[in-house]
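Here is the structure we will look at.
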Amino acid sequence: MTTSNSNHAGIPVLLFASYADAFGARTVQVPVSAPCRASVLVDAMRVMPGGARLPEVPLLAVNQTWIDLDAVVQPGDEVALIPPVAGG
Amino acid sequence: MTTSNSNHAGIPVLLFASYADAFGARTVQVPVSAPCRASVLVDAMRVMPGGARLPEVPLLAVNQTWIDLDAVVQPGDEVALIPPVAGG
Amino acid sequence: MKSPSFRPWPVVSDAMGGVVHVAVVHDPIGTAELIARVQHAGIGAVSLFLGTVRDLNDGRAVSGMEYEAYMGMADSELRAIAGEPCASDPGLVVAVEHRVGTLAIGDVSVAIACAHAHRAPAMDAARYIIDELKRRVPIWKQEHYLDGERVWIDPTAPARTPA
Amino acid sequence: MKSPSFRPWPVVSDAMGGVVHVAVVHDPIGTAELIARVQHAGIGAVSLFLGTVRDLNDGRAVSGMEYEAYMGMADSELRAIAGEPCASDPGLVVAVEHRVGTLAIGDVSVAIACAHAHRAPAMDAARYIIDELKRRVPIWKQEHYLDGERVWIDPTAPARTPA
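Protein chains in written order, with numbering that gives the first Met the number 0: chain A, 0 to 87; chain B, 0 to 87; chain C, 0 to 162; chain D, 0 to 162.
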């Protein structure tokens with residue numbers, strides 16, 4: 000996988016809805032290096048502009064599957080920070 | 000009400016579905032006089048051709064409303080003997 | 000859903016609830032039209048139940064079904080049942096049609112549309128109405144089997160196979 | 000119900016059950032088409048649930064709604080949820096569509112069609128799927144109010160009025 004570049008720039012995280020509004024972007028580069036625990040990624044996002052918006056335990060998906068905050072993000076994973084869902 | 004004629008001929012009872020098949024008619028004249036208890040009407044029907052088909056406690060409607068077998072049928076009432084319902 | 004009768008919307012969301020339509024019909028039931036009848040701008044959930052004629056019952060191959068109703072009473076009982084969940088919830092909107100006559104496999108025999116601002120009352124009402132309909136409405140069905148036999152269905156009779 | 004795709008019927012009533020269709024779509028949802036997808040000759044009951052955009056929420060006048068999805072994951076989560084009741088009941092047939100984009104009052108945002116030989120499994124499945132969809136599928140909605148404000152709905156936030 001060609002993950003070395005993305006690692007240099009941090010881990011890209013997909014954002015949606017209210018989180019995309021808060022961070023002002025639909026993808027942010029979070030300045031941590033994979034592999035790392037999801038909780039470390041989230042804590043790094045909290046100090047980014049818009050990060051104060053995040054709840055205590057935000058929802059996270061890796062490769063389009065729900066994960067816990069203690070899961071490990073691997074290089075090349077598709078990471079998404081998920082606002083409270085409201086479908087239907 | 001012009002009920003004397005129908006009383007002379009008995010009480011007309013509407014039949015449907017399996018009961019209409021059993022009695023071979025969609026209306027039968029039951030040889031009892033109104034007013035009478037519904038149970039008396041039903042017992043009179045049991046000895047008519049096809050009447051052996053009736054269950055122990057058949058369903059009955061008077062003027063298109065469910066009634067108990069101890070209710071009284073009045074002259075001029077629309078009486079219907081209702082097979083087990085199977086709508087839907 | 001896009002039938003002409005589906006619009007325009009009433010302009011108020013507190014449009015009248017209750018039983019907006021009950022009919023025992025000979026023609027095919029229009030499900031989109033029934034849904035449109037319960038829709039208004041304040042509705043957030045619609046629960047539609049359809050009963051359909053299936054090709055197997057009690058292990059026997061069915062070719063069709065004949066439905067018969069005590070017409071006036073079937074209509075009034077249906078209307079009474081449809082009104083029961085509405086009595087305690089003015090936000091509920093209900094429309095019901097039951098078909099009679101000769102139906103083929105796949106035909107819709109009954110359609111119940113319930114609408115509400117929220118989903119639970121709409122779904123609860125549809126279930127209540129079909130359950131009570133099967134208990135209380137004077138309608139009967141005669142199954143036509145592939146072997147030519149015709150039998151009036153008696154839900155009170157012991158089943159030949161487990162339900 | 001009378002769309003061309005509704006017939007011909009499969010000739011066997013033990014046609015395959017399971018999840019026959021899942022989609023996150025931009026175009027209006029065709030409810031009649033969705034019902035047709037779950038129909039076959041062995042079906043005796045169809046339960047259809049529709050979520051629609053209503054003109055009042057939390058006491059505020061709504062002019063429309065914007066739905067957004069994490070497209071690939073929304074599709075796979077929807078498919079997983081739809082498959083859960085099917086896993087324990089091979090006779091269950093399910094089709095689901097969720098719409099995204101800008102919706103107007105009265106538009107159908109989600110449609111869930113569940114079919115079975117008998118009514119209880121069909122109705123139970125529709126309820127399960129909409130409940131789980133609201134809990135687990137990454138889709139969001141932004142209400143557009145008549146006063147111009149736009150707010151992303153957060154079901155985890157304290158309600159301004161009792162639910």
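In this text, a Cβ means the ideal position worked out from N, Cα and C, and glycines have one as well.
- Residues of the stretch 43-61 of chain C that bring their beta carbon within less than 7 Å of a beta carbon in chain D comprise Gly43, Ala44, Val45, Ser46, Leu47, Phe48, Leu49, Gly50, Thr51, Arg53, Asp54 and Leu55, in sequence order.
- With fewer than 16 neighbouring CB atoms inside 10 Å of its own CB, Arg149 (chain D) falls in the exposed class.
- In terms of Cβ geometry, Leu68 (chain A) and Val12 (chain A) do not form a close pair [threshold 8 Å].
- The alpha-carbon of Ser62 (chain C) is positioned some 14 Å away from that of Gly100 (chain C).
- For the C-beta of Ile129 (chain C), the chain B residues within less than 9 Å are, from N- to C-terminus, Gly87.
- Chain A places a beta carbon closer than 8 Å to that of Thr155 (chain D), counting this residue as a contact.
- Going by C-alpha positions, Arg135 (chain D) is about 20 Å away from His25 (chain D).
- Within the stretch 49-66 of chain A, the residues whose Cβ lies closer than 7 Å to any Cβ of chain D are, in chain order, Ala60 and Gln63.
- Counting only residues of its own chain and dropping the five nearest sequence neighbours on each side, Ala19 (chain B) has a CB closer than 8 Å to the CB of Arg25.
- Residues Ser46, Phe48, Ile111 and Cys113 of the same chain have their beta carbon placed closer than 6 Å to that of Ala125 (chain C), with the five preceding and five following residues left out of the count.
- In the DSSP assignment, Gly17 (chain C) falls outside any alpha helix (DSSP H) and lies within the beta strand (DSSP E) extending over Gly17 to Val24.
- Counting only the Cα atoms, His115 (chain C) lies some 9 Å from Pro89 (chain C).
- Where Ile42 (chain D) is concerned, there is no enclosing beta strand (DSSP E), because DSSP gives it neither an H nor an E.
- With fewer than 16 neighbouring CB atoms inside 10 Å of its own CB, Leu145 (chain C) falls in the exposed class.
- The C-alpha of Pro137 (chain C) lies about 26 Å from the C-alpha of Gly147 (chain C).
- For Gln38 (chain C), a Cβ of chain D is located within less than 8 Å of the residue's own Cβ.
- Ile104 (chain C) and Ala35 (chain D) do not touch by the CB rule: their CB atoms are close to 14 Å apart, not below 8 Å.
- Tyr144 (chain D): member of the beta strand (DSSP E) spanning Ile138 to Tyr144, first to last residue.
- Take the alpha-carbon of Ala68 (chain C) and the one of Glu77 (chain B): they are about 16 Å apart.
- In the three-state scheme derived from DSSP, where H, G and I count as helix and E and B as strand, Arg25 (chain B) is classed as coil.
- Residue-level contact check: Val84 (chain B) touches chain C, since one or more beta carbons of chain C fall below 8 Å from its beta carbon.
- Taken atom to atom, the span from the alpha-carbon of Gly50 (chain C) to that of Ala44 (chain D) is near 5 Å.
- Going by DSSP, Gly71 (chain C) is part of the alpha helix (DSSP H) stretching over Met70 to Ala86.
- Among the residues of the stretch 103-128 of chain D, those with a Cβ less than 9 Å away from any Cβ of chain A are Ser108 and Val109, in the order of the chain.
- Secondary structure of Arg53 (chain D) (DSSP, three-state): coil.
- A Cβ-Cβ contact shorter than 8 Å links Pro84 (chain D) with Leu91 (chain D).
- Taking a C-beta cut-off of 8 Å against chain D, the contacting residues of the stretch 10-37 of chain A are Leu13, Phe15, Ala16, Ser17 and Asp20, listed in chain order.
- Non-local beta-carbon contacts of Val21 (chain D) in its own chain, meaning distances under 7 Å to residues more than five positions away in sequence, involve Asp74, Leu77, Arg78, Ala81 and Val95 in chain order.
- Annotation note: the stretch 31-65 of chain A contains the following uninterrupted beta strand (DSSP E) runs of length 3 or greater, listed N- to C-terminal: 58-61.
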